[in-house]
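Trainee: Numbering-wise (our numbering), the sequence shown opens with residue 69 and increments by one. Ideal Cβ positions, reconstructed from N, Cα and C, are used throughout, including at glycine. Pasting a structure below so you can have a look.
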Amino acid sequence: MKKALAGLRTFNKIIAISLPVILLILLVRMQSLAHQELSSPECRVQKWDIPVSLTAKNQDALTQKQKAPLIQRLPVTCCQGDTSCLDEVLYGQTADKKALLSAIAHSVQYLQTAKAVAAYQNYQMAGITRDRVFKSLKRFRELLLKTNSATELHQAIEREFVLYQSVGQDNKGSVLFTAYYEPLYAARRVPTAEYRYPVYGLPPDLNSWSKPHPTRLELEGVDGLQGAKGKLRGLELFWFRLRLEPYLAQIEGSARLQLPDGTQTAIGYAGNNAYNYKSLGRELANDGKLPLQGMTMPIILDYFQKHPQELNIYIPRDRSFVFFQENHGQPAQGSINVPLTAERSIATDKSLMPPGALALIHTSIPFVNPTGKIEERIVSRYVLDQDTGGAIKGAGRVDYFLGTGKLAGDRAGVTVSNGQLFYLLLKPQN
69 MKKALAGLRT FNKIIAISLP VILLILLVRM QSLAHQELSS PECRVQKWDI PVSLTAKNQD
129 ALTQKQKAPL IQRLPVTCCQ GDTSCLDEVL YGQTADKKAL LSAIAHSVQY LQTAKAVAAY
189 QNYQMAGITR DRVFKSLKRF RELLLKTNSA TELHQAIERE FVLYQSVGQD NKGSVLFTAY
249 YEPLYAARRV PTAEYRYPVY GLPPDLNSWS KPHPTRLELE GVDGLQGAKG KLRGLELFWF
309 RLRLEPYLAQ IEGSARLQLP DGTQTAIGYA GNNAYNYKSL GRELANDGKL PLQGMTMPII
369 LDYFQKHPQE LNIYIPRDRS FVFFQENHGQ PAQGSINVPL TAERSIATDK SLMPPGALAL
429 IHTSIPFVNP TGKIEERIVS RYVLDQDTGG AIKGAGRVDY FLGTGKLAGD RAGVTVSNGQ
489 LFYLLLKPQN
């Protein structure tokens, strides 16, 4: 989608931008799973890390300058009583299984395109091919439909699949997870005295612009209102009431818009000006305005609500700029041009990770409990890698798509944890 961070996700998805990734990318509260005990000592995070023997073997075998982003290993065997090892919600809620089946169908659709053929022709990991990814998805779907419990599914995977684990940030498998979402904003098709801040369509002559391209400051000015005086003139798509809203839409890579006649439409990532995203949160911390420790998106938003004049200081520091297209209410899309599925789509660095592939994530994710408060739980989730983002770089980053609207945004804004990322592929003999 973004994450653009589809957008910067290069989006090519900072909601795609990515991202992917996001306000998430602004988050810097790093809570490690290593400090969260599971049901027994052997089920702590170390069980999910890359075995030392595999790490050493991988290092010895690599002579190229860039180390392989994935290491093959057997599936993780669940400890007795450790429910975080299983994707239990698939069997507790019918709708959740339907969501995963839908995400799988979207990836299957992508894998049959010329874009997928080209992507896998250039993919550097030995053993991971488009045909193998496709067959793995088809077999996993069969298992998902015929198994009756998360344990039964996990056991079938142990028999038939191998895992390719991301080496992470530390070559031991530690991956930083953030989250992104599709915001919902009120917007107008024509400007008014109240709705003054625009988002822009993709310039038709962008490829002919001199390089480096103009920065955000050069495109829209300090106050975000000067776009009509330069290269963006006539490219306005929609207008927003608050300056932060079009900016956050760029970070997320997409947005759903509520129009005054009661209808909704959507905008999605169309391109960017080829600069790396710069985090507002990091800039506030560098200037001593907020402490880096414990910073979350709600804290950042609260700061700017109290100091709106400072938006003209900090937003221009982010040189990246995302262009949009109207999607007429269609679901947010990822960088592989398929709809994203809440809780079942992720964004990764597509220069390293296999597009459209089935993955398993094991990390801490915030949920809303029965009292309405957000609490974190360590979970495993089967997901599809369908997006990327400008802020999602390297083997140690994943952006997790949480859906549309305020609740998804509240959860995304406090998602920041370490975990592990695995890709599921059929054993060669299958």
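Compute the beta-carbon to beta-carbon distance between proline 423 and alanine 184, rounded to the nearest angstrom, for a pair I have assumed lies under 8 Å.
Mentor: Indeed they touch by this definition, with Cβ atoms about 7 Å apart.
Trainee: Taking the C-alpha atoms as reference points, what is the distance between leucine 475 and isoleucine 367?
Mentor: Rounded to whole angstroms, leucine 475 to isoleucine 367 spans 16 Å at the Cα level.
Trainee: Between the region 308-327 and the region 224-244, can you find at least three pairs of beta-carbon atoms closer than 8 Å?
Mentor: At 8 Å Cβ cutoff, the stretches do not touch.
Trainee: With DSSP as the reference, identify every bridge partner of histidine 430, one or two as the case may be.
Mentor: Partner(s): Ser448, Gln488.
Trainee: When the Cα atoms are used, what is the spatial distance from isoleucine 383 to glutamate 320?
Mentor: Between isoleucine 383 and glutamate 320, the C-alpha separation is close to 15 Å.
Trainee: Exposed or buried, what is aspartate 273 when buried is set at 16 or more other beta-carbons lying within 10 Å of its beta-carbon?
Mentor: With fewer than 16 other Cβ atoms within 10 Å, it is exposed.
Trainee: Could you tell me which whole alpha helix (DSSP H) segments of length 4 or greater appear in the region 233-265?
Mentor: Listed in chain order, there is nothing to give.
Trainee: How far does the beta strand (DSSP E) with serine 413 in it reach, from first residue to last?
Mentor: From DSSP, the beta strand (DSSP E) with serine 413 extends over 413-415.
Trainee: If I measure Cβ to Cβ from glutamate 156 and keep anything under 8 Å in the same chain, skipping five residues before and after, which residues do I get?
Mentor: Excluding positions up to five away in sequence, the list reads Ala218.
Trainee: Can you list, in chain order, the stretches of the alpha helix (DSSP H) that have 4 or more residues and sit fully within the region 179-204?
Mentor: For the region 179-204, whole alpha helix (DSSP H) runs of length 4 or above, ordered along the chain, are 182-189.
Trainee: Relative to the ligand FAD, is the shortest distance from any of its heavy atoms to the C-beta of arginine 465 smaller than 7 Å?
Mentor: Ligands are entirely absent from the displayed structure, and the ligand FAD is therefore not among its contents.
Trainee: Could you check the C-alpha separation between glycine 289 and glycine 462 for me, to the nearest Å?
Mentor: Cα to Cα, the separation comes out at about 32 Å.
Trainee: Would you mind reading off the limits of the beta strand (DSSP E) that contains glutamine 497?
Mentor: Per DSSP, glutamine 497 belongs to no beta strand (DSSP E) and is neither H nor E.
Trainee: Could you spell out where the alpha helix (DSSP H) holding valine 478 opens and where it closes?
Mentor: Before going on, a small fix: residue 478 reads as aspartate here, not valine. Aspartate 478 -> alpha helix (DSSP H) spans 474-480.
Trainee: Specify the secondary structure class of glutamine 294 as computed by DSSP and reduced to three states.
Mentor: It is coil, neither helix nor strand.
Trainee: Give the single residue among Tyr188, Trp116, Gly160 whose Cα lies nearest to the Cα of lysine 418.
Mentor: Closest by alpha carbon: Tyr188.
Trainee: Flag this pair as touching only if the region 248-257 and the region 469-483 have three or more C-beta atom pairs under 8 Å; answer yes or no.
Mentor: Yes, since at least three Cβ pairs between the region 248-257 and the region 469-483 fall closer than 8 Å, the two stretches touch.
Trainee: I want to know whether the region 322-336 touches the region 277-288 - three or more CB-CB distances under 8 Å.
Mentor: Output reads no: the region 277-288 does not touch the region 322-336.
Trainee: Should the region 339-350 be regarded as contacting the region 374-389, the criterion being three or more beta carbon pairs within less than 8 Å?
Mentor: These segments touch.
Trainee: Less than 7 Å between C-beta atoms, sequence neighbours within five positions excluded: which residues of the same chain meet that for arginine 479?
Mentor: Excluding sequence neighbours, arginine 479 sits near Ala247, Pro434, Ile442, Leu470.
Trainee: From the DSSP output, in three-state form, read off proline 314 for me.
Mentor: Residue state, collapsed to three classes: helix.
Trainee: In this structure, does DSSP put isoleucine 335 in helix, strand or coil?
Mentor: Strand at isoleucine 335.
Trainee: Is the separation between the beta-carbon of serine 448 and that of leucine 154 shorter than 8 Å?
Mentor: It is a contact, given that the beta carbons lie within the stated cut-off.
Trainee: The alpha helix (DSSP H) with phenylalanine 392 in it runs from where to where?
Mentor: Per DSSP, phenylalanine 392 belongs to no alpha helix (DSSP H); it is in the beta strand (DSSP E), 390-394.
Trainee: Kindly indicate which residue of Phe202, Gly457, Asn380 has the alpha-carbon position closest to the one of isoleucine 414.
Mentor: That would be Gly457, whose Cα lies nearest to the Cα of isoleucine 414.
Trainee: So, at 8 Å on beta carbons, what are the nonlocal neighbours of aspartate 117 in its own chain, with the 5 sequence-adjacent residues on each side left out?
Mentor: Excluding sequence neighbours, aspartate 117 sits near Lys240, Gly241, Ser242, Gln488.
Trainee: Kindly give me the distance between the Cβ atoms of alanine 338 and glutamine 393, rounded to whole angstroms, as I take these residues to be in contact under 8 Å.
Mentor: The Cβ separation is near 4 Å, so the contact holds.
Trainee: Quick one: Cα of threonine 409 to Cα of leucine 316, how far?
Mentor: Taking the straight line from one Cα to the other gives about 20 Å.
Trainee: Give me the Cα-Cα distance between alanine 186 and leucine 169, rounded to the nearest whole angstrom.
Mentor: Between alanine 186 and leucine 169, the C-alpha separation is close to 25 Å.
Trainee: Apart from the five residues just before and just after serine 204, which ones in its own chain have a Cβ nearer than 8 Å to its Cβ?
Mentor: Same-chain partners within the cutoff: Phe229, Ala425, Leu426, Leu492, Leu493, Leu494.
Trainee: Where does valine 120 sit, in a helix, a strand or coil, going by DSSP?
Mentor: Residue state, collapsed to three classes: helix.
Trainee: Can you check whether the CB of isoleucine 196 is closer than 8 Å to the CB of tyrosine 232?
Mentor: Their beta carbons are under 8 Å apart, which means tyrosine 232 touches isoleucine 196 by this criterion.
Trainee: Please say whether glycine 336 and alanine 400 have beta carbons closer to each other than 8 Å?
Mentor: Yes, Cβ-Cβ distance for alanine 400 and glycine 336 is below 8 Å.
Trainee: Which residue comes first and which comes last in the alpha helix (DSSP H) that contains alanine 218?
Mentor: That run of the alpha helix (DSSP H) goes 218-228.
Trainee: Under a Cβ-count criterion, where at least 16 other Cβ atoms within 10 Å of its own Cβ denotes burial, should asparagine 341 be classed as buried or exposed?
Mentor: So asparagine 341 ends up on the buried side.
Trainee: Determine the closest residue to leucine 221 out of Arg257, Tyr265, Lys165, with distance taken between C-alpha atoms.
Mentor: Nearest option by C-alpha distance: Lys165.
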